[in-house]
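Engineer: Structure below; questions to follow.
Protein chains: 2
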Amino acid sequence: MGLVVQKYGGSSVADAEGIKRVAKRVVEAKKNGNQVVVVVSAMGDTTDELIDLAQEVSPIPSGREFDMLLTAGERISMALLAMAIKNLGHEAQSFTGSQAGVITDSVHNKARIIDVTPGRIQTSVDEGNIAIVAGFQGVSQDKKDITTLGRGGSDTTAVALAAALNADVCEIYTDVDGVFTADPRVVKKARKIDWISFEDMLELASSGSKVLLHRCVEYARRYNIPIHVRSSFSGLKGTWVSNEPQGDQPMEQAIISGVAHDTSEAKVTVVGVPDKPGEAARIFRAIADSEVNIDMVVQNVSAASTGLTDISFTLPKAEGRKAVAALEKTRAAVGFDSLRYDDQIAKISLVGAGMKTNPGVTATFFEALSNAGVNIELISTSEIRISVVTRADDVNESVRAVHTAFGLDTDSDEAVVYGGTGR
Amino acid sequence: MGLVVQKYGGSSVADAEGIKRVAKRVVEAKKNGNQVVVVVSAMGDTTDELIDLAQEVSPIPSGREFDMLLTAGERISMALLAMAIKNLGHEAQSFTGSQAGVITDSVHNKARIIDVTPGRIQTSVDEGNIAIVAGFQGVSQDKKDITTLGRGGSDTTAVALAAALNADVCEIYTDVDGVFTADPRVVKKARKIDWISFEDMLELASSGSKVLLHRCVEYARRYNIPIHVRSSFSGLKGTWVSNEPQGDQPMEQAIISGVAHDTSEAKVTVVGVPDKPGEAARIFRAIADSEVNIDMVVQNVSAASTGLTDISFTLPKAEGRKAVAALEKTRAAVGFDSLRYDDQIAKISLVGAGMKTNPGVTATFFEALSNAGVNIELISTSEIRISVVTRADDVNESVRAVHTAFGLDTDSDEAVVYGGTGR
Numbered sequence: 002m003g004l005v006v007q008k009y010g011g012s013s014v015a016d017a018e019g020i021k022r023v024a025k026r027v028v029e030a031k032k033n034g035n036q037v038v039v040v041v042s043a044m045g046d047t048t049d050e051l052i053d054l055a056q057e058v059s060p061i062p063s064g065r066e067f068d069m070l071l072t073a074g075e076r077i078s079m080a081l082l083a084m085a086i087k088n089l090g091h092e093a094q095s096f097t098g099s100q101a102g103v104i105t106d107s108v109h110n111k112a113r114i115i116d117v118t119p120g121r122i123q124t125s126v127d128e129g130n131i132a133i134v135a136g137f138q139g140v141s142q143d144k145k146d147i148t149t150l151g152r153g154g155s156d157t158t159a160v161a162l163a164a165a166l167n168a169d170v171c172e173i174y175t176d177v178d179g180v181f182t183a184d185p186r187v188v189k190k191a192r193k194i195d196w197i198s199f200e201d202m203l204e205l206a207s208s209g210s211k212v213l214l215h216r217c218v219e220y221a222r223r224y225n226i227p228i229h230v231r232s233s234f235s236g237l238k239g240t241w242v243s244n245e246p247q248g249d250q251p252m253e254q255a256i257i258s259g260v261a262h263d264t265s266e267a268k269v270t271v272v273g274v275p276d277k278p279g280e281a282a283r284i285f286r287a288i289a290d291s292e293v294n295i296d297m298v299v300q301n302v303s304a305a306s307t308g309l310t311d312i313s314f315t316l317p318k319a320e321g322r323k324a325v326a327a328l329e330k331t332r333a334a335v336g337f338d339s340l341r342y343d344d345q346i347a348k349i350s351l352v353g354a355g356m357k358t359n360p361g362v363t364a365t366f367f368e369a370l371s372n373a374g375v376n377i378e379l380i381s382t383s384e385i386r387i388s389v390v391t392r393a394d395d396v397n398e399s400v401r402a403v404h405t406a407f408g409l410d411t412d413s414d415e416a417v418v419y420g421g422t423g424r
Numbered sequence: 002m003g004l005v006v007q008k009y010g011g012s013s014v015a016d017a018e019g020i021k022r023v024a025k026r027v028v029e030a031k032k033n034g035n036q037v038v039v040v041v042s043a044m045g046d047t048t049d050e051l052i053d054l055a056q057e058v059s060p061i062p063s064g065r066e067f068d069m070l071l072t073a074g075e076r077i078s079m080a081l082l083a084m085a086i087k088n089l090g091h092e093a094q095s096f097t098g099s100q101a102g103v104i105t106d107s108v109h110n111k112a113r114i115i116d117v118t119p120g121r122i123q124t125s126v127d128e129g130n131i132a133i134v135a136g137f138q139g140v141s142q143d144k145k146d147i148t149t150l151g152r153g154g155s156d157t158t159a160v161a162l163a164a165a166l167n168a169d170v171c172e173i174y175t176d177v178d179g180v181f182t183a184d185p186r187v188v189k190k191a192r193k194i195d196w197i198s199f200e201d202m203l204e205l206a207s208s209g210s211k212v213l214l215h216r217c218v219e220y221a222r223r224y225n226i227p228i229h230v231r232s233s234f235s236g237l238k239g240t241w242v243s244n245e246p247q248g249d250q251p252m253e254q255a256i257i258s259g260v261a262h263d264t265s266e267a268k269v270t271v272v273g274v275p276d277k278p279g280e281a282a283r284i285f286r287a288i289a290d291s292e293v294n295i296d297m298v299v300q301n302v303s304a305a306s307t308g309l310t311d312i313s314f315t316l317p318k319a320e321g322r323k324a325v326a327a328l329e330k331t332r333a334a335v336g337f338d339s340l341r342y343d344d345q346i347a348k349i350s351l352v353g354a355g356m357k358t359n360p361g362v363t364a365t366f367f368e369a370l371s372n373a374g375v376n377i378e379l380i381s382t383s384e385i386r387i388s389v390v391t392r393a394d395d396v397n398e399s400v401r402a403v404h405t406a407f408g409l410d411t412d413s414d415e416a417v418v419y420g421g422t423g424r
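Take a look at the structure:
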């Protein structure tokens, strides 16, 4: 058949039973005639336990040593998984990130993959073994130190290995059945998406969907590696993420892929900014210099009477204090009136490449919110996404209203279709 | 000053408190002007917990994967120790066995060190860091697979690194104050030995003393690395093991270094062996072919009337069944009468280079046992050791009697001295 890279998260290998269940699934893929490479995370709570240990020893653990510590987690799960597979009568070999050729930069705790040289993995599968690779970890190019890739790193390991091995598919096994049209905990009638394009998936990921991280999807798009997100518990078909639909996947993409929401952000408003060239640049240079990442940025026309305007932006709540401090320092130079900080907001985003060619999407979106009695505070759009900021208290109702309005509910006959082009 | 290699066992780093205590001691050595390399074992029960996990997953874990699993243990302790040291304001870097250049053969679970190429460790200490190295582990020369050195492997790592780095001393920190003239749990009046020669230490180690393993002492003797065995809890001076006494160590070695005992062996007697050339060779070839290691071997003159003799040997109890099975197969060829197997024995050994030049040692030894009412079943000697086999029930009384007879008790004024030469 081909070469399959499978990735199993910590919840799939949380205990001996989980590891045995995963081993069976891996062996199944092998029996179907595939070469199989498995990327595995640390067991369940192992990483948290190691972090606790580090805290007991040192309040500010060194990055290098923290990485050395955390990488013990995958070492345990991968060795156990290899044992469990061998116990089923198939050959398996486990490899650390370093042995698998995952080369990174030297930024400990959130290293980026520079190169993957999977010679040992290729040899191992060519010899008939199932290769088990530690996710989340690599080795730095210059110092040969052990590094970790940061949050969601195992998904990135899987996609990067799939690219380097020229795999046919990268299967990401998780504890949900796939990517849904909205968070099923909020919208009971959310549908599992059978296929979604890389572009729409990227927008969903950056709008609050947590199934796949932006970084992993971006990597897959760059190397054109189809991702199959599916449950390690149910065995059902999940969601394919790729350039084009494949096989029995629906040939046509829905107009709207889904509704995402995000309550992890805060809103900062700079009030009374003189409306002249260079003021916005000064403000965002100050933010950038304090190493704060911002998300939405909105500036409206200034009031003619005052020549002053307001600039708003959103950012992760955790970085709010840093951003406000940086801005306060520039107040004299920029000459703005005041700052407002608001962390009781939610962002609701509608994502779908179809909105490019279907007018009325924006109107339907806003009408749905209005009918639900939800006030819109900020609006920001990309080619295939519309995002609004509302009160945090309104988030669940907003998502449900929009989901229903676009015919995404499971009991709708089909999605709403618009005629014409443009939105 | 010089370069010091320190080794801390699992009981010394059993929890966060232990790790912090060890960190202080390491920093003290650094403050005294030394370059410091630390070899560390896995925390307390970590290894046992990992073994339990492996058992849950697979009844017969693969050697390669078992080593991958177990080496997670030192990875955790070494990273935590490095963090704790940095927390005290000193630079520290941890290294895996592979990174430290510990090259082994490919025999998983009990690999032997072939070479040590400590380039990264040397660079690290030259840059002013304290280098922390994972004990017990290495990387195989041919396949680049992770290996472990088997029981007591961390001591061997420490001595091997000390040799490769041309260290001034290898300090082995443990949970006892040093090497004693007898097991202090058996002999309350046992004395701590200040200095002992490699030769005497080797004999003690192979006679049942558990403080240092034979393999580690042998390595130290070959490369002439002085070992200082001491407690990580008390801070007292311990026992120096070296070719010659150094500094304020006693210039003259005691006649008798100590009394060791071992209750882990069983005795096999081959009864009624025809007393002709080649019979003993057949018997021990059969044993060797079954990969059983034997210890003492005793054959006495045959009875003139029958032309038959008995051959006895001792071996680890765990290998008794295998040896007996191997011998039964040769019964027809050798033509012996019967086999006797006895696992209720103890071996008591008196060790000391002084016995070479002091007559009467053997006589005193046997008289002490006789006065204690202990029957001697087998006798075997080397140049600097006398061993006897007794009933297992007699072991404690035997050791105490011999210890007293040779003036080794702490309340004795001095050791018994013999005149003349030869024993």
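Protein sequences appear in the order of chains P and X. If you read the first sequence in this note's numbering, its first letter stands for residue 2, the second for the next number, and so on. If you read the second sequence in this note's numbering, its first letter stands for residue 2, the second for the next number, and so on. Beta carbons are placed, not taken as given, at the ideal position from N, Cα and C, and that holds for glycine.
1) Report, in whole angstroms, the separation of the C-beta atoms of X:H109 and X:G74, which I expect to be a contact under 8 Å.
2) So is P:Q56 buried or exposed if we call it buried at 16+ other beta carbons inside 10 Å?
3) Taking 8 Å as the threshold (C-beta atoms), are X:A393 and X:T264 in contact?
4) State the beta-bridge partners of X:P1 as determined by DSSP.
5) P:T72 touches chain X at which residues, Cβ-Cβ below 8 Å?
6) With X:V58 as the anchor, note down where its alpha helix (DSSP H) starts and where it stops.
7) Could you tell me which of X:R76, X:S371, X:E329 and X:R222 sits nearest to X:V134, measuring between CA atoms?
8) Is the CB of X:P119 under 8 Å away from at least one CB in chain P?
9) Please name the residue or residues paired with X:I173 in a DSSP beta bridge.
10) May I have the straight-line CA-CA distance separating P:V302 from P:P275, to the nearest angstrom?
11) Assuming P:V40 and P:K8 are in contact, meaning their beta carbons sit under 8 Å apart, how far apart are those beta carbons, in whole angstroms?
12) Candidates X:K193, X:T149 and X:V272: which alpha carbon is nearest X:K238's?
13) Are the CB atoms of X:A159 and X:G430 within a distance shorter than 8 Å?
14) Using 10 angstroms around the beta-carbon of X:N130, count the other beta-carbons present and answer buried if the total reaches 16, otherwise exposed.
15) For X:L166 and chain P, any beta-carbon pair shorter than 8 Å?
16) Within 10 angstroms of its Cβ, does X:Q247 collect 16 or more other Cβ (buried), or is it exposed?
17) Hey, does P:G421 have any beta-carbon neighbour from chain X nearer than 8 Å?
18) Rounded to whole angstroms, what is the Cα-Cα separation between X:L328 and X:I284?
19) Determine, for P:N294, whether the minimum Cβ-Cβ distance to residues of chain X falls below 8 Å.
20) Quick one: residues in its chain with C-beta nearer than 8 Å to the C-beta of X:D16, no 5 flanking neighbours on either side, listed in chain order?
21) Does any residue of chain P bring its CB to less than 8 Å from the CB of X:V58?
22) For X:A191, which of helix, strand or coil comes out of DSSP?
23) What does a CB cutoff of less than 6 Å around X:Q36 pick up in its chain, not counting 5 residues either side in sequence?
24) How many Å lie between P:K323 and X:A168 at the Cα?
25) Confirm, please, whether the CB-CB distance from X:K87 to X:A93 is below 8 Å.
26) Scan the stretch 144 to 160 of chain X for residues whose Cβ lies nearer than 9 Å to a Cβ of chain P and list them as they occur along the chain.
27) In three-state terms, what does DSSP make of P:T331?
28) At 9 Å on the CB atoms, spell out the chain X contacts of P:K189, in chain order.
29) Which residues, in chain order, does the stretch 43 to 58 of chain X contribute to contact with chain P at a C-beta distance below 8 Å?
30) Could you say which of P:I147, P:T307, P:K190 and P:V140 lies nearest to P:V117 if we only look at CA atoms?
31) When the cut-off is 8 Å and only beta carbons count, does P:R22 lie next to chain X?
32) Where do the ends of the alpha helix (DSSP H) carrying P:Q123 lie?
33) Who are the Cβ neighbours of P:S350 in its own chain at under 6 Å, not counting the five residues just before and after it?
34) Whose CA, out of P:V58, P:F337, P:G19 and P:G34, lies closest to the CA of P:S42?
35) Going by DSSP, what residue range makes up the alpha helix (DSSP H) through P:T405?
Structural biologist: So, to answer that:
1) So it is not a contact: roughly 16 Å between Cβ atoms.
2) exposed
3) yes
4) Look at the range of chain X in this structure, 2 to 424, and you will see that residue 1 of chain X is not part of it.
5) R76
6) T47 to V58
7) X:R76
8) no
9) X:K8 and X:V230
10) 12 Å
11) 4 Å
12) X:K193
13) Past the edges of chain X, shown from 2 to 424, lies residue 430 of chain X, and the structure says nothing about it.
14) buried
15) no
16) exposed
17) For P:G421, the predicted model reports a pLDDT of 38, less than 50, meaning its position is unreliable and no value from the coordinates is stated.
18) 7 Å
19) no
20) M44 and G45
21) yes
22) coil
23) L4 and V126
24) 49 Å
25) yes
26) K145, D146 and I147
27) helix
28) Here the premise fails: no neighbours, minimum Cβ distance about 38 Å.
29) L51, L54, A55, E57 and V58
30) P:V140
31) no
32) G120 to D127
33) S208, A261, R386 and S388
34) P:G19
35) V396 to A406
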